[in-house]
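See structure below.
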Amino acid sequence: MICQRCGQHPATVHVTDVVKKARRAQHICEACARSHQLLPTPDDPAQPLNLPALVQLVFGAVPPGEPPGGVAAALEDLGAGLVCPECGLKYSEFRAEGRIGCPRDYDVFRAALLPLLERIHRHTRYAGKVPKSAGRGGDPLPDLLARLRRAVAGEAYEEAATLRDTIRAQSEGPG
Amino acid sequence: MNLDSLLPHLGEWLQGTGPDADVVVSTRVRLARNLAGYPFITKASPAQKAAIEAKARDALRDAAIEPRLTFVDVAELAALDRQFLVERQLISRELATVLDGPRGVAFDERESVSVMVNEEDHLRLQVLRSGLSLEEAWEVINRVDDALEARLPYAFHEQFGYLTACPTNVGTGMRASVMLHLPALGITKQIEKVFKALQKINLVVRGLYGEGSRASGDLYQISNQVTLGRAEPRVLLEIREVIGMILQYERQARQVLLKERKQPEQDRVARAVGTLVSATMITSEETMELLSAVRLGIHLRLIDDIPPITVNELFIRTQSAHLQKITGKSLGAEERNAARAKYLREKFREFDPR
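For the protein sequence lines, the chains are A and B, in the order given. Note that our numbering numbers the first sequence so that position 17 is 17, with each residue one more than the last. Note that our numbering numbers the second sequence so that position 138 is 138, with each residue one more than the last.
The structure is reproduced here in C-alpha cells:
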C-alpha cells in the first residue's frame with residue numbers, strides 16, 4: 001500500500017477512527033506521519049501521541065465556509081448532535097456534568113472523549129489487568145490485537161507477522 | 001448486623017504499625033468497577049439499582065473472598081450509623097448522605113476490605129492497611145476483584161479498560177492513596193514546596209477525608225491521578241518512589257527540629273498533652289492539631305508512655321458519630337465538644353504522661 005499523503009512511500013502508519021458509525025481509515029508513510037507529529041520524534045521518544053494533530057489528520061482541515069475554530073470547534077460539532085441510543089445521555093449533558101451514562105457511551109462519544117482522556121491521563125489506550133472473560137476465555141481478538149500493537153511498537157516484526165496471520169484467521173472464521 | 005459491635009475494636013489499618021509507620025499512617029487502594037449490561041448509577045432506574053445491588057450481594061456472599069465480607073444495607077441504616085461508617089473509612093460521605101436508593105457496603109471484621117455497592121460506580125472495592133503497604137494492598141484487592149469478576153461480568157473495553165462513570169477513573173479504575181503525617185515539613189514550612197513538586201508528576205494531595213477536604217492534623221493523602229495508559233504495578237511503583245522521597249524529607253526535617261529546637265518542641269508537645277488532659281470543651285479541629293503534636297512527640301521520643309495506636313484510636317473515637325455511640329445519646333455541637341473533652345481526659349489520665 002502506498003502513502004495516501006505523498007503517494008510515494010509505502011504506508012506503514014494506519015489510522016482508523018469511527019465517527020457516527022462511519023469508519024475512516026488513512027494509510028500513510030512514516031515520514032508523513034512524523035511531519036504530522038503522529039509519531040514521537042527520535043529526540044523525544046517519551047513525548048505522547050499528539051492527539052490534536054491526529055484529529056486534524058483524520059477529520060481534515062476545517063471545511064471552507066465554516067468559521068475557523070480548528071479542532072476544538074470541529075470536535076464540538078462532532079459531539080453536539082450525539083445521543084446514546086442505550087441510556088439517552090446527550091453530549092451536552094456529558095459536557096455539563098462530566099459524568100458518563102452507560103458503558104456504551106464510551107463508543108458513542110468516543111471521538112469527543114478521546115481529547116478529554118488525553119488531557120486527563122496523557123494516554124488514550126488502556127494498559128493493565130484484563131478480566132479473564134475478556135482475555136483467554138472469551139473473545140481472543142482484543143488480546144491478540146494488544147499483542148500485535150506491542151510487537152509492532154517493539155519492532156518484533158516476525159512475531160507481528162505471525163500475530164497478524166492469527167488475527168486474520170480468527171476474524172474471517174473458517175471457510 | 002448491629003454496628004455497635006464494631007465500637008470496642010479498631011480497624012486493623014489503625015494499628016500504627018507496618019513499614020514506615022513513623023510517617024505513614026495507612027495505605028488505601030481502591031478499584032472502580034461496573035457491571036456490563038447496566039447503565040451507570042446516574043442513569044440507572046430504581047429497579048436497575050435494586051437489580052445491581054441484588055447481583056452484587058449474591059456475588060459478595062458466594063464468591064470465594066478471603067477475608068469473609070458481611071453486607072450492610074446502607075439505605076436502611078440510621079443517619080448516625082451511616083456517619084459512623086464514614087468515620088471508620090468503610091464508606092464514603094457520598095454513599096452515606098448524598099446518594100439515595102438501594103446501596104450498601106460489605107466489609108470484613110478487621111475492616112481491611114470493603115466493597116461499596118451503588119456508589120458513583122456499581123462497585124467500589126477498597127483495601128486499607130497500616131503503614132506503607134502498596135504492593136500488599138494491591139495483592140489483596142486484586143484477589144477480591146478476581147473472585148468477584150468470576151461471578152459478575154464487568155464492563156470492560158479493549159481500548160479503555162474498565163469503564164467507569166467518570167472519565168477520570170476509566171482504565172484501571174485504581175486509586176492508590178497513602179496517608180502521611182507530615183508535621184515537621186509543616187513546622188519548617190517546606191510542605192508547599194513538596195506539594196508543588198508532586199502536582200508536576202501527576203500525583204494528587206488531599207486532606208484526611210478525601211476530595212476537597214482540608215488537611216487537618218498534618219495528615220495528607222497522596223494518590224495517583226492517572227488510570228489510563230499505565231498498568232497498576234507501574235503506578236504503584238511511581239507512588240512508592242515519591243513517598244520514599246517525602247519520607248526522607250519529613251525525617252530530615254524532624255532531625256533538624258530535634259537538633260535546633262528541641263526545647264521548644266518538647267514544650268509544644270507537653271502543652272498539647274496538657275490541654276488534652278485538662279480541657280472541658282474541645283472541637284474536633286483542635287483535637288486533631290493537638291493529637292498531631294502528640295504523634296510527633298511519640299516518634300521523636302519526646303514523650304513515652306503513649307503508644308502510637310492510642311493517637312489513631314483517639315483520632316477516630318473523638319469524631320462526632322463515635323462520640324454519640326460512646327455516650328449512647330444524640331449530642332448537639334456544644335455537647336459534643338464537652339463529651340469529646342471528657343473522653344480525652346479519661347483516656348489521657350490512663351497514661352499519666354510526663
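All residues carry an ideal CB built from backbone N, CA and C; glycine is no exception. Quick caveat: nothing in here was measured; it's all calculated off a predicted structure.
Sequence-distant residues of the same chain with beta carbon closer than 7 Å to residue i, five excluded per side
| i | result |
| --- | --- |
| B:LEU290 | ALA272, THR275 and LEU276 |
| B:THR17 | SER130 and GLY131 |
| B:ARG254 | ALA184 and LEU300 |
| B:ARG336 | SER320 and LEU323 |
| B:HIS9 | none |
| B:ASP20 | GLY131, LEU132 and LEU247 |
| B:LEU69 | LEU60, ALA106, PHE107, ASP108, VAL113 and VAL115 |
| B:GLU87 | ILE316, GLN319, ALA321 and HIS322 |
| A:PRO45 | Its pLDDT being 37, under 50, A:PRO45 is placed unreliably in this model, and the value from its coordinates should be taken loosely. So the list is empty, once near-sequence residues are dropped. |
| A:PHE109 | GLY79, LEU82, TYR91 and PHE94 |
| B:GLU12 | ARG110, GLU111, SER112 and SER130 |
DSSP beta-bridge partners of residue i
| i | result |
| --- | --- |
| A:PRO10 | A:ILE2 |
| B:TYR220 | B:LEU180 |
| B:ALA32 | B:ARG124 |
| B:THR364 | No answer is possible for residue 364 of chain B: it lies beyond the span of chain B, which begins at 1 and ends at 354. |
| B:ILE91 | None, per the DSSP bridge assignment. |
| B:SER26 | B:SER130 and B:MET179 |
| B:VAL115 | B:ALA106 and B:LEU125 |
| B:LEU203 | B:ASN224 |
| A:LYS90 | A:VAL83 |
Chain-order list of residues whose beta-carbon lies under 6 Å from that of residue i (same chain, five-residue window excluded)
| i | result |
| --- | --- |
| A:LEU49 | Residue confidence for A:LEU49 is low, a pLDDT of 41 falling below 50, so the modelled location carries little weight and cannot support an answer. |
| B:GLY297 | VAL269 and ILE303 |
| A:PRO174 | Since pLDDT at A:PRO174 reaches only 40, below the 50 mark, its modelled position is unreliable, and the value read off the structure follows with that caveat. Once the five neighbours on either side are set aside, A:PRO174 has no close Cβ partner at all. |
| A:GLU159 | ALA151 |
| B:ARG206 | GLN221 |
| B:GLU120 | ALA165 |
| B:PRO308 | GLY16 and ILE298 |
| A:GLU155 | none |
| B:LEU344 | LEU276 |
| B:ARG251 | none |
Reference residue i, options the options, closest by Cα
| i | options | result |
| --- | --- | --- |
| B:ALA339 | B:ILE326, B:PHE348 and B:PHE351 | B:ILE326 |
| B:GLN48 | B:ARG103, B:GLN324 and B:ARG301 | B:ARG103 |
| B:LEU134 | B:VAL24, B:GLN252, B:MET281 and B:GLU250 | B:VAL24 |
| B:MET116 | B:GLY244, B:ARG110, B:LEU125 and B:GLU109 | B:LEU125 |
| A:ARG95 | A:PRO85, A:ARG149 and A:PRO115 | A:PRO115 |
| A:TYR106 | A:ALA11, A:CYS84 and A:ALA153 | A:CYS84 |
| B:ALA341 | B:LEU331, B:ALA279, B:GLU66 and B:ALA150 | B:ALA279 |
| B:HIS122 | B:LYS55, B:GLU139, B:GLN248 and B:VAL235 | B:LYS55 |
| B:GLN242 | B:VAL178, B:MET281, B:GLU53 and B:PRO46 | Inspection of the sequence shows that residue 242 of chain B is occupied by Val rather than by Gln. Checking every option, the nearest Cα to that of B:VAL242 belongs to B:VAL178. |
| A:PRO131 | B:PHE156, B:ALA137 and B:VAL144 | B:PHE156 |
| A:GLY101 | B:THR227, B:THR283, B:ASN34 and B:GLU346 | B:ASN34 |
| B:ASP145 | B:MET174, B:LEU257, B:LEU180 and B:THR227 | B:MET174 |
| B:GLY217 | B:GLU158, B:GLU192 and B:SER284 | B:SER284 |
| B:SER330 | B:GLY171, B:SER5 and B:ALA78 | B:ALA78 |
| B:ASP4 | B:PHE348, B:GLY328, B:ALA333 and B:LYS347 | B:GLY328 |
8 Å CB neighbourhood of residue i in its chain, flanking five on each side removed
| i | result |
| --- | --- |
| A:GLN8 | ILE2 and CYS29 |
| B:VAL105 | PHE71, VAL72, VAL74, LEU85, LEU90, ILE91, LEU95, SER114, VAL115, MET116 and VAL117 |
| A:ILE167 | LEU141, LEU144, LEU145 and LEU148 |
| A:GLN4 | ALA11, GLN26, HIS27 and ILE28 |
| B:PHE351 | ASP305, ILE306 and THR310 |
| B:ILE141 | VAL29, ARG30, LEU31, VAL113, LEU125, GLN126 and VAL127 |
| B:VAL294 | VAL269, ALA272, VAL273, LEU276, ILE303, ILE306 and VAL311 |
Exposed unless 16 or more other CB atoms sit within 10 angstroms - verdict on residue i
| i | result |
| --- | --- |
| B:GLN263 | exposed |
| B:LEU80 | exposed |
| B:ASP267 | exposed |
| B:MET1 | exposed |
| B:GLN83 | buried |
| B:VAL98 | exposed |
| B:MET245 | exposed |
| B:LEU167 | This sequence places Pro at residue 167 of chain B; Leu is not what is there. Buried, because 16 or more other Cβ atoms sit within 10 Å of the Cβ of B:PRO167. |
| B:ILE201 | exposed |
| A:GLY137 | Note on A:GLY137: pLDDT 43, under 50, position unreliable in the model; the coordinate value appears next. So A:GLY137 counts as exposed. |
| B:GLY229 | buried |
| B:LYS43 | buried |
| B:ALA137 | buried |
| B:ASP100 | exposed |
| A:GLY60 | With a pLDDT of only 44 at A:GLY60, under the threshold of 50, the placement of this residue in the model should not be trusted; the figure read from the coordinates follows. Classification for A:GLY60: exposed. |
| B:TYR38 | buried |
Any non-hydrogen atom of the ligand PLP within 7 Å of residue i CB
| i | result |
| --- | --- |
| A:CYS32 | For the ligand PLP, the structure offers nothing, since it holds no ligand at all. |
C-beta neighbour in chain D for residue i, strict 8 Å
| i | result |
| --- | --- |
| B:VAL226 | In the structure shown, chain D does not exist; the protein chains are A and B. |
Checklist line | beta strand (DSSP E) runs wholly inside the segment 128 to 193 of chain B, at least 3 long, in chain order | finding: The segment 128 to 193 of chain B contains these whole beta strand (DSSP E) runs: 174 to 181.
Notebook entry, point to check: Unbroken alpha helix (DSSP H) runs of length 4 or more, entirely within the segment 101 to 141 of chain A: which are they?
Noted result: Complete alpha helix (DSSP H) runs here, min 4: 105 to 108 and 110 to 121.
Note to self: For a minimum of 4 consecutive residues, which ranges assigned as the alpha helix (DSSP H) are wholly contained in the segment 221 to 308 of chain B?
What the structure shows: The segment 221 to 308 of chain B contains these whole alpha helix (DSSP H) runs: 232 to 260, 262 to 278 and 284 to 299.
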